[in-house]
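A.B. asks: One structure, as structure tokens, below. Some questions next.
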């Protein structure tokens, strides 16, 4: 029995029965959503793993060395970096494009995570907590940049409100998985026959792994059609204004 619906409505219903990434997203769009998911997973891991690291540092060095002030410094410096990244990378993405801004935040999170794991105690005038705080400031800038970029890239990769909401929910859900991943990695590291110092360094360095995955996905992705069209419109408007000025 043939459907009595108009061809346009029948086509819409047929597309709505398909999975999210197969229904509304092309291969490039699905790639961008995956890149956003990997970045959010890394961000959540980096944000929440510091609590476990601080606990290990307090056991290793004692609370007289890693006191409340030092702990607050390490945590708050990353949050300061997050704010800087949030306020900065939205403008950067409009200027140089979503792709290269996305690649830059991945690089910052990789460098920040690795730098945190390489901090050492005993440096004159630069304590271990201070080194970690400075490195996490850099890490925070990359993490903060992920928030506006992931939201924008994901929204531009979906063509209708329903699929856009589903894609955003998928990306945001990576925060929960990142928090879980930090606990799993900590349990796995503690089960190994390694020192506490090796454990907290491993925890911090592991944050570079999902960021490296995100970097690979972003390096090969293309700009969204929405962004490309907006740049073409801006270029056309600029040409039109220039022509009118020259005629005047």
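Numbering (the numbering used here), first residue to last: 2 to 249.
Just so you know, even glycine gets a beta-carbon here, dropped at the ideal spot from N, CA and C.
With burial defined as no fewer than 16 other Cβ atoms inside 10 Å of the residue's Cβ, what is the status of residue 102: buried or exposed?
C.D. replies: Along the chain shown, read from residue 1 onward, the residue named residue 102 stands at position 101. With 16 or more other Cβ atoms within 10 Å, it is buried.
A.B. asks: Please classify residue 39 as buried or exposed, where buried requires at least 16 neighbouring CB atoms within 10 angstroms.
C.D. replies: Within the chain shown, numbered from 1, the residue matching residue 39 stands at position 38. Classification for residue 39: buried.
A.B. asks: Strictly under 8 Å for the Cβ-Cβ distance: is residue 143 near chain C by that measure?
C.D. replies: In the structure shown, chain C cannot be found, because there is only a single protein chain.
A.B. asks: Within 10 Å of its beta-carbon, does residue 64 have 16 or more other beta-carbons around it, so buried, or fewer, so exposed?
C.D. replies: By one-based count along the chain shown, residue 64 stands at place 63. Classification for residue 64: exposed.
A.B. asks: Who are the near neighbours of residue 45 in its chain, counting only those whose CB is closer than 6 Å to its CB and skipping five residues on each side?
C.D. replies: Within the chain shown, residue 45 is the residue found at index 44, counting from 1. Closer than 6 Å at Cβ, skipping near neighbours: 176, 179, 180.
A.B. asks: At the level of alpha carbons, what is the spacing between residue 94 and residue 200?
C.D. replies: Residue 94 sits at position 93 when you count from the first residue of the chain shown. Residue 200 sits at position 199 when you count from the first residue of the chain shown. Using only the alpha carbons, I get a separation of about 36 Å.
A.B. asks: Rounded to whole angstroms, what's the CA-CA distance from residue 47 to residue 230? Just pull it up for me.
C.D. replies: As a first step, residue 47 is located in the chain shown; it is residue number 46 there, counting from the start. As a first step, residue 230 is located in the chain shown; it is residue number 229 there, counting from the start. Using only the alpha carbons, I get a separation of about 35 Å.
A.B. asks: Taking just the CA atoms, how far does residue 106 sit from residue 88?
C.D. replies: To locate residue 88, count along the chain shown from 1; it is residue 87. To locate residue 106, count along the chain shown from 1; it is residue 105. Those two C-alpha atoms are separated by around 13 Å.
A.B. asks: Taking all protein chains shown into account, decide if residue 120 is buried (16 or more other Cβ within 10 angstroms of its Cβ) or exposed.
C.D. replies: Numbered from its first residue, the chain shown carries residue 120 at position 119. Its Cβ being crowded by 16 or more others within 10 Å, residue 120 is buried.
A.B. asks: For the alpha helix (DSSP H) that contains residue 35, what are its first and last residues?
C.D. replies: Locating residue 35 in the chain shown gives position 34, counting from the first residue. Run containing residue 35: 28-62, per the alpha helix (DSSP H) assignment.
A.B. asks: List the whole-angstrom C-beta distance separating residue 54 from residue 72, where the pair is believed to meet the contact cut-off of C-beta under 8 Å.
C.D. replies: Translated into the one-based positions of the chain shown, residue 54 becomes position 53. Translated into the one-based positions of the chain shown, residue 72 becomes position 71. With 8 Å as the limit, residue 54 and residue 72 do not qualify as a contact, their Cβ atoms being about 10 Å apart.
A.B. asks: Quick one, are the C-beta atoms of residue 51 and residue 78 less than 8 Å apart?
C.D. replies: Along the chain shown, one-based indexing puts residue 51 at 50. Along the chain shown, one-based indexing puts residue 78 at 77. It is not a contact, given that the beta carbons lie outside the stated cut-off.
A.B. asks: For residue 117, count neighbouring C-beta atoms within 10 Å of its own C-beta (all shown protein chains included) and say buried if the count is 16 or more, exposed if not.
C.D. replies: Looking up residue 117 in the chain shown gives position 116. By the 10 Å Cβ count, residue 117 comes out buried.
A.B. asks: Could you tell me the distance, in whole angstroms, from the CA atom of residue 123 to the CA atom of residue 159?
C.D. replies: Taking the first residue of the chain shown as position 1, residue 123 is located at position 122. Taking the first residue of the chain shown as position 1, residue 159 is located at position 158. So the alpha carbons of these two residues sit roughly 51 Å apart.
A.B. asks: Considering only residues of the same chain and omitting the five flanking positions on each side of residue 232, which have a CB-CB separation below 7 Å?
C.D. replies: The sequence position of residue 232 within the chain shown is 231, counting from 1. Hits under 7 Å: none found.
A.B. asks: Helix, strand or coil: which one does DSSP assign to residue 193?
C.D. replies: Your numbering for residue 193 matches position 192 in the chain shown. Residue 193 falls in the coil class under three-state DSSP.
A.B. asks: Would the beta-carbon of residue 155 fall within 8 Å of that of residue 37?
C.D. replies: In the chain shown, counting from the first residue as 1, residue 155 sits at position 154. In the chain shown, counting from the first residue as 1, residue 37 sits at position 36. Yes.
A.B. asks: In whole angstroms, what separates the C-alpha of residue 22 from that of residue 90?
C.D. replies: Within the chain shown, the letter at position 21 stands for residue 22. Within the chain shown, the letter at position 89 stands for residue 90. Its pLDDT being 45, under 50, residue 22 is placed unreliably by the model, and the measurement read from it follows with that caveat. Taking the straight line from one Cα to the other gives about 26 Å.
A.B. asks: From residue 24 to residue 31, what does the alpha carbon distance come to, in whole angstroms?
C.D. replies: Numbered from 1 along the chain shown, position 23 holds the residue referred to as residue 24. Numbered from 1 along the chain shown, position 30 holds the residue referred to as residue 31. Confidence is the limiting factor: at residue 24 the pLDDT is only 45, short of 50, which leaves the residue's position unreliable, though a coordinate-based value still follows. C-alpha separation (whole angstroms): 10 Å.
A.B. asks: Would you call residue 139 buried or exposed, if buried means 16 or more other Cβ atoms sit within 10 Å of its Cβ?
C.D. replies: As a position in the chain shown, residue 139 is number 138, starting the count at 1. The residue is buried, with at least 16 neighbouring Cβ atoms inside 10 Å.
A.B. asks: Go ahead and pull the three-state DSSP assignment for residue 95.
C.D. replies: Numbered from 1 along the chain shown, position 94 holds the residue referred to as residue 95. Helix at residue 95.
A.B. asks: With a cut-off of 8 Å on the beta carbons, I'd call residue 142 and residue 82 a contact; round off their distance for me.
C.D. replies: Walking along the chain shown from the start, residue 142 turns up at place 141. Walking along the chain shown from the start, residue 82 turns up at place 81. With a Cβ gap of about 4 Å, residue 142 and residue 82 count as contacting.
A.B. asks: Count the other CB atoms within 10 Å of the CB of residue 208; is the residue buried (16 or more) or exposed (fewer)?
C.D. replies: For the purposes of this step, residue 208 is identified with residue 207 of the chain shown, where counting begins at 1. With 16 or more Cβ atoms within 10 Å of its Cβ, residue 208 is classed as buried.
A.B. asks: Please name the residue in 194, 213, 60, 111 whose C-alpha comes closest to that of residue 137.
C.D. replies: Here residue 137 refers to the residue found at position 136 of the chain shown. When each option's Cα is compared against that of residue 137, the closest is 111.
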